[in-house]
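For the sequence shown, my numbering assigns the number 7 to the initial residue and increments by one for each residue that follows. Don't be surprised by glycine CBs; every beta carbon is placed ideally from N, CA and C. A quick write-up on the structure given underneath.
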Amino acid sequence: MTTIICAECGKAPFGVQPSGLFRCDRCGSEITARDLVFDEGEVWVIDSAGTLGYLPAPN
Numbered sequence: 007m008t009t010i011i012c013a014e015c016g017k018a019p020f021g022v023q024p025s026g027l028f029r030c031d032r033c034g035s036e037i038t039a040r041d042l043v044f045d046e047g048e049v050w051v052i053d054s055a056g057t058l059g060y061l062p063a064p065n
């Protein structure tokens, strides 16, 4: 999994929230699943710690 880092602060990953939003662990910026844009074949994932990331397209 490749961790998605906040574009606002550039320092921390996003964590999933009970509301379904993703919040930056450092600056508090929030995004939704609709805000995520990936290349073809890539998918977003949440690890066991609740961190947002993505899996690259299979070769």
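Less than 9 Å between CB atoms is the rule here; does G26 satisfy it with respect to chain B?
Note that chain B does not occur in the displayed structure, where there is just one protein chain.
Can you name, in chain order, every residue of its own chain whose Cβ lies under 8 Å from the Cβ of Q23, other than the five neighbours on each side?
R29 and E36
Considering only the alpha carbon of each residue, which of S25, L42, F20 and A39 lies closest to R32?
F20
Residues that C30 bridges to, as DSSP identifies them
F20
Beta-carbon proximity of G47 to I10, cut-off 9 Å:
no
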